[in-house]
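Since the structure comes first, as structure tokens, the remarks are kept for the end.
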Amino acid sequence: MAAPKPLEFGFSPEGFIIDQDCFSEFQYRTIPANLNGCGWIAAYNLRRALDHSVTFDEVRQELDDLHFLKIPGPTLMCVMRKYLKQYVPEYQETVGRAEALTAAKESRAGIFRYREGHEPHFTSYIRQGDGLFRFFNMADDFEDCVMPMEQFIRDHCAPGTVILLWVKDQAHE
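Next comes the structure, spelled out in structure tokens:
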């Protein structure tokens, strides 16, 4: 078994979380957060993208506390919605690949709920301009990457439901 990655390697230079493998020392839903931390990481990154003053550990703990059952598992969508409703009340939800692609083009930042390979996953992104988006903590070798939204949906969203939780870009109002 490989040694855990140091925590400092889990962050981009701007403070976004890019690699959940670095969070094995933190618990989330009763297990090490490197195994199931993508939800709270995506919520933290979205709030950071929106210039909220919050620490990753505050987000982790609050999302963990919102789960009624204290058992291992991922972040539930009902919990993510409740959390975002409290801290990002302007967020919108879009379901479907084509619909998410259209909505993302009007977004400032957001969170995708999709399947990366066989695993359900949350990943966050921010708009970069010129039709490009920066994704955080997407997958191994894609911890911090920039690509067109069409490429993300085509290459990373496995068959199944795609949900986008997004915040509208002020320029599109």
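Taken in order, the sequence shown gives residues 7 to 179; the numbers are from this note's numbering.
Beta carbons: idealized from backbone N, C-alpha and C, even for Gly.
These numbers come from a predicted model, not from an experiment.
Residues sharing a beta bridge with residue i, DSSP
{"i": "Glu151", "result": "The sequence given here has Cys at residue 151, not Glu. According to DSSP, which records beta bridges pairwise, Cys151 is partnered with Phe141."}
{"i": "Trp46", "result": "Looking at the DSSP assignment, Trp46 forms no beta bridge with any residue, so it has no partner."}
{"i": "Glu174", "result": "Note on residue identity: the sequence assigns Lys, not Glu, to residue 174. DSSP, once it has assigned bridges, lists Ser113 as partnering Lys174."}
Integer-rounded CB distance, given that residue j should sit under 8 Å from residue i
{"i": "Phe142", "j": "Asp150", "result": "6 Å"}
6 Å CB neighbourhood of residue i in its chain, flanking five on each side removed
{"i": "Ser30", "result": "Pro10, Pro38, Asn40"}
{"i": "Ala109", "result": "Thr100, Leu170, Trp172"}
Cβ-based neighbour list, residue i, same chain, cut-off 8 Å, excluding 5 preceding and 5 following
{"i": "Leu72", "result": "Val85, Lys88, Tyr89"}
{"i": "Gly16", "result": "Ile23, Ile24, Asp25, Gln26, Asp27, Cys28, Phe29"}
{"i": "Lys76", "result": "Arg35, Thr36"}
{"i": "Gly43", "result": "Gln26, Phe29, Phe32, Tyr34, Arg66"}
{"i": "Ala104", "result": "none"}
Below-8 Å beta-carbon distance, residue i vs any chain B residue
{"i": "Ala110", "result": "The displayed structure is made up of one protein chain only, and chain B is not part of it."}
Under 8 Å between C-beta atoms of residue i and residue j
{"i": "Lys111", "j": "Met153", "result": "no"}
{"i": "Arg133", "j": "Arg160", "result": "no"}
{"i": "Trp172", "j": "Thr61", "result": "no"}
{"i": "Phe32", "j": "Arg54", "result": "no"}
{"i": "Arg119", "j": "Met144", "result": "no"}
{"i": "Val94", "j": "Leu56", "result": "yes"}
{"i": "Leu52", "j": "Ile117", "result": "yes"}
Sequence-distant residues of the same chain with beta carbon closer than 7 Å to residue i, five excluded per side
{"i": "Leu69", "result": "Gly45, Trp46, Ala49, Thr81, Val85, Tyr89"}
{"i": "Gly123", "result": "Ala164"}
#### Entry: Unbroken stretches of the beta strand (DSSP E), 3 residues or longer, contained in the stretch 86 to 126
Segments of the beta strand (DSSP E) lying fully in the stretch 86 to 126: 98 to 101, 113 to 122.
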